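If you count the sequence shown from 1, you need to add 1 to reach the working numbering. For every residue, glycine included, the Cβ atom is placed at its ideal position computed from N, Cα and C. Every value quoted in this text rests on a predicted model; they were computed, and no experiment measured them. Okay, structure first, notes after.
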Amino acid sequence: MTTDPRGRTMTLDIAELTDLLEPPPDTRPDPDAFVRAAMDWHFNPATGSPFWLERARTLDFDPRTDVRTLADLALFPNVAGELRYAPVADLVPRGYGEHPDVVGVFESGGTTGVPKRVVLLRDWLERMLAWSNATLDAHGFPRGTDWLGLVPTGPHIVGEYFRRSATTFGRHGFAIDLDPRWVKRCIAEGRGAEASAYAEHVIDQAADVLRTQEIGVLTITPPLLERLTRREELVTLVNEKVRAIRWGGTQLDPDSRYLYRTEVFPDTVLAGNYGSTMIAGFAGERPGLTDDDPCVFDTLGPHVTFGVVDPETREPVPLGARGQVVAHHLSKSFLLPNNLERDLAVRVAPPEGGYGDSVADIAPVGTFESEQVIEGVY
Numbered sequence: 002m003t004t005d006p007r008g009r010t011m012t013l014d015i016a017e018l019t020d021l022l023e024p025p026p027d028t029r030p031d032p033d034a035f036v037r038a039a040m041d042w043h044f045n046p047a048t049g050s051p052f053w054l055e056r057a058r059t060l061d062f063d064p065r066t067d068v069r070t071l072a073d074l075a076l077f078p079n080v081a082g083e084l085r086y087a088p089v090a091d092l093v094p095r096g097y098g099e100h101p102d103v104v105g106v107f108e109s110g111g112t113t114g115v116p117k118r119v120v121l122l123r124d125w126l127e128r129m130l131a132w133s134n135a136t137l138d139a140h141g142f143p144r145g146t147d148w149l150g151l152v153p154t155g156p157h158i159v160g161e162y163f164r165r166s167a168t169t170f171g172r173h174g175f176a177i178d179l180d181p182r183w184v185k186r187c188i189a190e191g192r193g194a195e196a197s198a199y200a201e202h203v204i205d206q207a208a209d210v211l212r213t214q215e216i217g218v219l220t221i222t223p224p225l226l227e228r229l230t231r232r233e234e235l236v237t238l239v240n241e242k243v244r245a246i247r248w249g250g251t252q253l254d255p256d257s258r259y260l261y262r263t264e265v266f267p268d269t270v271l272a273g274n275y276g277s278t279m280i281a282g283f284a285g286e287r288p289g290l291t292d293d294d295p296c297v298f299d300t301l302g303p304h305v306t307f308g309v310v311d312p313e314t315r316e317p318v319p320l321g322a323r324g325q326v327v328a329h330h331l332s333k334s335f336l337l338p339n340n341l342e343r344d345l346a347v348r349v350a351p352p353e354g355g356y357g358d359s360v361a362d363i364a365p366v367g368t369f370e371s372e373q374v375i376e377g378v379y
């Protein structure tokens, strides 16, 4: 018997909650039952995190009785900013016991000021990777090849996903470290030449790997991919060796995407990700899109869902209309609902059997949380 933050006494079947929150990969759980299970898990003092159990005392609603559907997640305030200062140990649900299997603590890119922090647990990492690998299969990415990644490592979650993707889907991973915060700082301080020199330094390192290793998959950000294409030798090497390019970190405009797919790398699979530290993962480009189609991103629902809303009213925009992205993460390991992202996007219907919205034509807002948004190389 336990008492919740509002003084209610209850008995919970933790095993049953775990089954609801960790459905088999190929199943489509009922979204309302999933949401209710997430609320029961995260707001029970036996299983919830200290962060959310304390935060629940300040809410003007009861998550366990009032949040019954995906739409009800809009009741939550956006607490993402609080993750800048919250003790990371308080973010881990108590239901994992005294020795949770923590992969690492990761930070947002710092695009909008002081970074926010999340804790990545192994069960979520493995679920995200299984979904991601299935998406790569659907795109026709080659299995068992070596990967080259020009992505942030260190405190950035994308580096962990690159390493694990390279070794679970591919064979060996070659990483070129990327410090996006330094580039953003250079740009913010008007030192554009220094930022450009740093980007060229990264491309120089990638060139060495491409010359000496048999790279089958290239993971890269759009600004660095554009720089790579300025060097004829590297375009030739990619066309000779690389069978698939995975891009992400910033957005690829439709004209560049069309050019890469049809002229620059015509025999190479090109597929994107749209990720965020605050969803502890990423959405994947929808398989089967043509060269002329908008680049649509689908999520791993119901654990991660998007909405597209009017930034003033927070009401959903019509399908096909443009609005600001709202992201929800509900897994056994992490809860972050109703997080207004720094991106604008077109609202797209999800794939059959999907959850929430899919998004297309993504671009950053000019300012976010009173900070100028600077993307740089990531």
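Test item: CB-CB of residue i and residue j under 7 Å
| i | j | result |
| --- | --- | --- |
| Ala208 | Leu235 | yes |
| His173 | Asp138 | no |
| His304 | Leu337 | no |
| Arg56 | Val89 | no |
| Asp292 | Tyr261 | no |
| Trp299 | Ala284 | First, the amino acid is wrong: residue 299 is Asp here, not Trp. Yes, these two residues count as a Cβ contact at 7 Å. |
| Ala272 | Arg247 | yes |
| Val327 | Val349 | no |
| Phe175 | Val120 | no |
| Arg323 | Leu345 | yes |
| Gly367 | Thr306 | no |
| His329 | Leu22 | no |
| Val297 | Ala200 | no |
| Val179 | Leu151 | For the sequence presented, residue 179 should be read as Leu rather than Val. For Leu179 and Leu151, yes; Cβs fall inside 7 Å. |
| Phe62 | Leu84 | no |
| Phe44 | Pro64 | yes |
| Arg165 | Ile204 | no |
| Asn79 | Asn339 | yes |
| Met279 | Ala34 | no |
As assigned by DSSP and simplified to three states, the class of residue i
| i | result |
| --- | --- |
| Gly96 | helix |
| Met11 | Low confidence applies to Met11: its pLDDT is 48, below 50, so where it sits in the model is not reliable, and the reading given next is rough at best. Here Met11 sits in strand by DSSP. |
| Leu21 | helix |
| Val243 | coil |
| Met2 | Residue placement at Met2 cannot be trusted, given a pLDDT of 45 that sits under 50; what the coordinates show is reported in the next sentence. Coil. |
| Ala39 | helix |
| Glu286 | strand |
| Thr306 | strand |
| Ser50 | coil |
| Asp33 | helix |
| Val265 | helix |
| Leu238 | helix |
| Trp248 | strand |
Among the options, the one whose alpha carbon lies nearest that of residue i
| i | options | result |
| --- | --- | --- |
| Thr220 | Ser197, Tyr275, Thr213 | Tyr275 |
| Pro153 | Thr59, Gly250, Glu55 | Gly250 |
| Leu255 | Thr136, Thr28, Leu290 | Checking the displayed sequence, the identity of residue 255 turns out to be Pro instead of Leu. Considering only alpha carbons, the answer is Leu290. |
| Glu17 | Asp41, Pro88, Gly354, Thr28 | Asp41 |
| Arg343 | Asp358, Ile363, Ser359, Lys333 | Ile363 |
| Ala167 | Glu195, Leu121, Gly217 | Gly217 |
| Ala72 | Val36, Thr66, Gly98, Thr230 | Val36 |
| Glu127 | Ala281, Val239, Thr222 | Ala281 |
| Asp27 | Glu108, Leu301, Glu201 | Leu301 |
| Pro295 | Val366, Ser277, Ser359 | Ser359 |
| Ser334 | Val103, Tyr162, Gly357, Val366 | Val103 |
| Phe381 | Glu99, His100, Pro116 | The first residue shown for the chain is 2 and the last is 379, placing residue 381 beyond what the model contains. |
| Thr169 | Leu130, Lys185, Ile204 | Leu130 |
| Pro156 | Ser109, Asn134, Ser133 | Ser109 |
| Gly160 | Ser277, Ala135, Asn79, Phe142 | Ser277 |
| Arg212 | Tyr86, Thr66, Leu238 | Leu238 |
| Gly105 | Val93, Gly98, Phe62, Thr136 | Val93 |
| Glu313 | Gly321, Leu341, Val68, Arg123 | Leu341 |
Host beta strand (DSSP E) of residue i (start-end)
| i | result |
| --- | --- |
| Thr278 | Thr278 -> no beta strand (DSSP E), and no H or E assigned at all. |
| Arg323 | 323-331 |
| Asp299 | 297-299 |
| Leu345 | 336-349 |
| Thr136 | That residue, Thr136, is in no beta strand (DSSP E); its alpha helix (DSSP H) goes 123-140. |
| Pro365 | 359-365 |
Start-to-end residues for the alpha helix (DSSP H) that takes in residue i
| i | result |
| --- | --- |
| Pro317 | That residue, Pro317, is in no alpha helix (DSSP H); it is neither H nor E in DSSP. |
| Pro255 | 255-260 |
Residue-level contact to chain B via CB, residue i, 7 Å cutoff
| i | result |
| --- | --- |
| Asp256 | Here chain B cannot be found, since the structure has a single protein chain. |
*Considering only residues of the segment 146-223, which uninterrupted beta strand (DSSP E) runs meet the minimum length of 3 residues and lie entirely inside it, listed in chain order?*
147-151, 174-177, 216-221
*Every unbroken beta strand (DSSP E) inside the segment 52-120 [3 residues or more]*: 103-108
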